[in-house]
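See below for the structure under consideration.
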Amino acid sequence: MINAMVLDTPIGPLSLLEHDGALVAAGFTPDPREMHARLHPSLRSYDLTAVDDLGDLGKAHSAYFDGDVAALDAVPVRQPGTPTRERLWAVLREVRASETITYGELAARAGLPPGAARAAGQACAQNLVAPVVPCHRVLPAGGGLQGYYYGLERKRWLIDHEAAGLF
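Per the working numbering, residue 72 is the first one in the sequence shown, and the count goes up by one each step.
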């Protein structure tokens, strides 16, 4: 079974999906079924059940949006993917709040060859666990904001929120 709750946040409802104590999806949508439909096939077969509370997972997200920008660091995540994507997602979790990197830097930190920025971008595009796997912290090499599934306004808000939470 996959348990789901919707958390109200300053930038809209965040659907959280949990299986066996780990976060399997989190996305800015009021409908957890949207996230369930995007899950890896190994998880999609589990029934989705609405709950009011996901315990520590929900508390960590509430704390993050209340200003504790490190609150999501210890949230357990299960996001199946190719070995390369899983490595990129793991490295992405090491990027601290208020730090930003480029797609090329993400690829390099993951040990991928030069020119693998596109693979890093694809991993970010397939990330189902925002903002815990913080793809919002990845920026194009030329600067500016680009490529956030939930919109550039949310990406900017998350980056600004994390910067403010460190002071």
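The beta carbon of each residue, even a glycine, is placed where N, CA and C say it ideally should be.
For residue j and residue i, believed in contact at Cβ under 8 Å, the rounded distance
i    : j    : result
A75  : A121 : 6 Å
P151 : L94  : The Cβ separation is near 13 Å, so there is no contact.
L199 : L85  : Between L85 and L199 the Cβ distance is about 13 Å, and since that is not below 8 Å, they are no contact.
G129 : A201 : About 16 Å; that fails the 8 Å criterion.
A188 : R158 : With 8 Å as the limit, A188 and R158 do not qualify as a contact, their Cβ atoms being about 15 Å apart.
Coarse secondary structure for residue i, derived from DSSP in three states
i    : result
L229 : helix
H107 : helix
V140 : coil
V162 : helix
S86  : strand
T173 : strand
L216 : coil
T120 : strand
G129 : helix
A181 : coil
G192 : helix
A134 : helix
L199 : coil
A187 : coil
Straight-line Cα distance separating residue j from residue i
i    : j    : result
D118 : P81  : 29 Å
H90  : A161 : 19 Å
V209 : A145 : 20 Å
Q193 : D123 : 33 Å
K226 : P184 : 27 Å
R164 : H107 : 22 Å
V140 : E105 : 26 Å
A196 : A234 : 23 Å
L143 : E176 : 22 Å
When the options are compared against residue i, the one with the closest alpha-carbon
i    : options                  : result
T153 : A190, G222, P84 and Q217 : A190
P112 : D123, A96 and P101       : A96
I230 : T155, G138 and G186      : G138
I73  : G92, E233, G126 and D79  : G92
L114 : G175, L88 and T155       : L88
R149 : V204, F136 and T155      : V204
A131 : L78, Y221, G218 and H232 : L78
T173 : R156, L216, G83 and F136 : L216
S133 : E224, G83 and G186       : G83
T247 : S169, A168 and Y221      : This structure cannot speak to residue 247, because the chain is shown only from 72 to 238.
V166 : H207, F136 and P103      : H207
Exposed unless 16 or more other CB atoms sit within 10 angstroms - verdict on residue i
i    : result
A212 : exposed
S116 : exposed
G214 : exposed
L223 : exposed
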